[in-house]
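*Asks:*
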Amino acid sequence: MNSLEDELRELYRAVTETIREEDLPGLFEPRARTRRRSWSGAFAPLAAAVAVVVAIGLGVAVPKLVSAPGRLAPPASPTAPSSFAAAPVSAATSPVPAPAPHGPRPTLSSSTTLPPSCPTTLTEGNDGTIAPLFCSDGSPNPAALAYYEGHNGRGFNPAVLRLAPSSTQSQVKSAMCADIGSGGTMGLQTEQQAYDLAARRNSWSYDINTVTNLRCPPAR
Amino acid sequence: MRARTQPGIEDLYREHALGLVRFAFLLTGDRAAAEDVVQDAFLGLHRHWDEVKDPGHVLAYLRTSVVNGSRSRRRRNLVALRLRPEPPVLVQSAEASVLADEDRRALLASVGALPPRQREVLALKYFLDLGEQEIARILRISRGAVASTASRALTALARQLREES
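These protein sequence lines map, in sequence, to chains R and H. The first sequence runs 1 to 220 under our numbering. The second sequence runs 221 to 385 under our numbering.
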């Protein structure tokens, strides 16, 4: 086989394998969510560094814990690893901003949050579907909710968006079938979007897809 | 397991998003743009989902969308690039370890200097391993044009690499 062709294949493989599946956003989800996830990862070394400083500070401030120069006495040893363990966990669970390339180091404060980006201008398809459905932090886009809750020219007001968070999967399916049934105002795609919004808002994790697995009783 | 007669869009995304983003990355040279291009491709598919008659052609549709989206991105960035010439973005984006090999770096730079159509054909042929007929369908050109474009691209690459060595 031509070596240049082999080299090309190898080059493409090497260049693209830096993109990993776990870093990709979900379908129709904004990219920012991916970045935020990677920020947590980027903060792990910083958190570890903070933990080291704290551990060293403890060693200096409590010299009695040190039995020999540069070495922690047995009572101190169990605390040191726990400090190391705790710091990265807090970094991973707290949404924190990306470190500025130049300037003071941000503190790992739990009150520091990313301002979510929620576009108010929606792109509307011919079939009535819209984008973006979600804000950059993954929450439902208020503009999208308003669109589906009736503030549109299409007469949408799906029952699935009026359900209580405690609704069961069968209640959700019934509402969706009513929405897309003969008397409903929703199509399969728009109803799926309404469900996706409702599911995110109500923390539902039901596996419902209007195209692939929602089976509605035939209209009477 | 749930029964289905054809895969839904989410299944398609799960199955093909990574390959499509990587493909778009080769065309745009920009990771964020590649993700956007693929999302746009799926959005277009989503909007026309009801019109999908042959699920076997969905992937080709997505690949065509990615090619077209990447072209649009390139055109949009053209003015900025003219005002502020920079080395190919792909070279900047790739990790240093990937490009530690000098020969590979030179090859990447040479690929980046090819005309867009030739880069598209090479990526379709050597990254996605598609045949000429499939490439012709995606790019909406003749099979003969695919063959001649690929040949010209390889000749140009070989010449450039010879000149540099």
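Backbone N, C-alpha and C fix where the C-beta goes; we use that ideal spot for every residue, glycine too.
List the residues of chain B whose Cβ lies closer than 7 angstroms to the Cβ of G125 (chain R), in chain order.
*Replies:* This model lacks chain B altogether; the protein chains it does include are R and H.
*Asks:* Provide the residue(s) that pair with I130 (chain R) in DSSP beta bridges, ordered along the chain.
*Replies:* In the first sequence, the residue the question calls residue 130 (chain R) occupies position 130. DSSP, once it has assigned bridges, lists R:E124 as partnering I130 (chain R).
*Asks:* Taking beta-carbon pairs under 8 angstroms, can you tell me which members of the segment 262-290 of chain H lie near chain R?
*Replies:* F262, L263, H266, R267, W269 and D270
*Asks:* Thinking C-beta only, is A367 (chain H) closer than 8 angstroms to E384 (chain H)?
*Replies:* The residue you call residue 384 (chain H) lines up with position 164 of the second sequence. The residue you call residue 367 (chain H) lines up with position 147 of the second sequence. No, they are not a contact pair.
*Asks:* Assign R360 (chain H) to one of two classes, buried (16 or more other C-beta atoms within 10 Å of its C-beta) or exposed (fewer than that).
*Replies:* Taking the first residue of the second sequence as 1, we reach residue 360 (chain H) at position 140. Looking at its Cβ environment, which holds fewer than 16 other Cβ atoms inside 10 Å, R360 (chain H) is exposed.
*Asks:* Could you give the C-beta distance for D127 (chain R) and R267 (chain H), rounded to a whole number, given that I count them as a contact under 8 angstroms?
*Replies:* Your numbering for residue 127 (chain R) matches position 127 in the first sequence. Your numbering for residue 267 (chain H) matches position 47 in the second sequence. Yes, D127 (chain R) and R267 (chain H) are in contact; Cβ-Cβ is about 6 angstroms, under 8 angstroms.
*Asks:* Can you find a C-beta in chain R that's less than 8 angstroms from the C-beta of I361 (chain H)?
*Replies:* On the second sequence, position 141 is the one that residue 361 (chain H) refers to. Taking Cβ atoms only, chain R never reaches closer than 8 angstroms to I361 (chain H), which makes this a no.
*Asks:* In the DSSP assignment, find the unbroken alpha helix (DSSP H) run with I355 (chain H) in it and report its ends.
*Replies:* The residue labelled residue 355 (chain H) in the question sits at position 135 within the second sequence. Run containing I355 (chain H): E352 to L359, per the alpha helix (DSSP H) assignment.
*Asks:* Indicate the three-state DSSP secondary structure (helix, strand or coil) for P142 (chain R) in the structure shown.
*Replies:* Counted from its first residue, the first sequence places residue 142 (chain R) at position 142. Looking at P142 (chain R) - three-state DSSP - the assignment turns out to be helix.
*Asks:* Got a sec? Which residues, its chain only, sit under 7 angstroms from V272 (chain H) by beta carbon, not counting five neighbours each side?
*Replies:* For the purposes of this step, residue 272 (chain H) is identified with residue 52 of the second sequence, where counting begins at 1. Only V278 meet the Cβ criterion.
*Asks:* Below 8 angstroms on the Cβ atoms is my contact criterion, and I expect A194 (chain R) with L161 (chain R) to pass it. Report the Cβ-Cβ distance as a whole number of Å.
*Replies:* Here the question's residue 194 (chain R) lines up with position 194 in the first sequence. Here the question's residue 161 (chain R) lines up with position 161 in the first sequence. Their Cβ separation, rounded to whole angstroms, is 5 angstroms, which keeps A194 (chain R) and L161 (chain R) in contact under 8 angstroms.
*Asks:* Are the CB atoms of A370 (chain H) and R363 (chain H) nearer to each other than 8 angstroms?
*Replies:* In the second sequence, counting from the first residue as 1, residue 370 (chain H) sits at position 150. In the second sequence, counting from the first residue as 1, residue 363 (chain H) sits at position 143. No, the pair does not count as a contact, with Cβ atoms beyond the cut-off.
*Asks:* Contact criterion: CB-CB distance below 8 angstroms. Does G332 (chain H) meet it with respect to chain R?
*Replies:* On the second sequence, residue 332 (chain H) is found 112 positions in, with the first residue counted as 1. It does not: the Cβ of G332 (chain H) has no partner Cβ on chain R nearer than 8 angstroms.
*Asks:* Check whether the segment 320-337 of chain H touches the segment 228-238 of chain H, taking contact to mean three or more Cβ pairs, one atom from each stretch, closer than 8 angstroms.
*Replies:* The segment 320-337 of chain H is not in contact with the segment 228-238 of chain H.
*Asks:* Could you tell me the distance, in whole angstroms, from the CA atom of P158 (chain R) to the CA atom of H236 (chain H)?
*Replies:* Taking the first sequence and counting its residues from 1, one reaches residue 158 (chain R) at position 158. Taking the second sequence and counting its residues from 1, one reaches residue 236 (chain H) at position 16. Taking the straight line from one Cα to the other gives about 31 angstroms.
*Asks:* Does DSSP classify H268 (chain H) as helix, strand or coil?
*Replies:* Here the question's residue 268 (chain H) lines up with position 48 in the second sequence. H268 (chain H) falls in the coil class under three-state DSSP.
*Asks:* Is Q259 (chain H) close to chain R? Criterion is C-beta to C-beta, closer than 8 angstroms.
*Replies:* Here the question's residue 259 (chain H) lines up with position 39 in the second sequence. So, interface residue.
*Asks:* Shorter than 8 angstroms from the beta carbon of R296 (chain H) to some beta carbon of chain R?
*Replies:* One-based indexing of the second sequence puts residue 296 (chain H) at position 76. Not closer than 8 angstroms to any Cβ of chain R, the Cβ of R296 (chain H) fails to qualify, so no.
*Asks:* Just checking: is the beta-carbon of D129 (chain R) within a distance shorter than 8 angstroms of some beta-carbon in chain H?
*Replies:* By one-based count along the first sequence, residue 129 (chain R) stands at place 129. A small correction: the amino acid at residue 129 (chain R) is Thr; Asp does not occupy that position in the sequence shown. Yes, because at least one Cβ of chain H sits closer than 8 angstroms to the Cβ of T129 (chain R).
*Asks:* So, for Q169 (chain R): in the same chain, excluding its five sequence neighbours on each side, which residues have a beta-carbon less than 6 angstroms away from its beta-carbon?
*Replies:* For the purposes of this step, residue 169 (chain R) is taken as residue 169 along the first sequence, with counting starting at 1. Same-chain partners within the cutoff: Y206.
*Asks:* Please classify C135 (chain R): does DSSP put it in a helix, a strand, or coil?
*Replies:* Reading the first sequence from its first residue, position 135 is the one you call residue 135 (chain R). Three-state result, C135 (chain R): coil.
*Asks:* Please state the DSSP three-state secondary structure of I19 (chain R).
*Replies:* Numbered from 1 along the first sequence, position 19 holds the residue referred to as residue 19 (chain R). Correct three-state label for I19 (chain R): coil.
*Asks:* Output yes if chain R places a C-beta closer than 8 angstroms to the C-beta of E383 (chain H); else output no.
*Replies:* The count along the second sequence starts at 1 and reaches residue 383 (chain H) at position 163. Not an interface residue.
*Asks:* In whole angstroms, give me the CA-to-CA distance for A144 (chain R) and T120 (chain R).
*Replies:* Numbered from its first residue, the first sequence carries residue 144 (chain R) at position 144. Numbered from its first residue, the first sequence carries residue 120 (chain R) at position 120. Going by the C-alpha atoms only, they are around 8 angstroms apart.
*Asks:* Does the beta carbon of L350 (chain H) sit closer than 8 angstroms to a beta carbon anywhere in chain R?
*Replies:* On the second sequence, position 130 is the one that residue 350 (chain H) refers to. Closer than 8 angstroms: no.
*Asks:* By a C-beta neighbour count over all protein chains shown, 10 Å radius and 16 as the cutoff for buried, is N141 (chain R) buried or exposed?
*Replies:* Taking the first residue of the first sequence as 1, we reach residue 141 (chain R) at position 141. Classification of N141 (chain R): buried, given that the 10 Å Cβ count is 16 or more.
*Asks:* Would you tell me roughly how many angstroms separate the C-alpha atoms of A87 (chain R) and C216 (chain R), rounded to the nearest one?
*Replies:* For the purposes of this step, residue 87 (chain R) is taken as residue 87 along the first sequence, with counting starting at 1. For the purposes of this step, residue 216 (chain R) is taken as residue 216 along the first sequence, with counting starting at 1. At A87 (chain R) the pLDDT is 31, less than 50, meaning the model places this residue with poor confidence; the figure from the coordinates comes in the next sentence. Spanning the two alpha carbons is a distance of roughly 50 angstroms.
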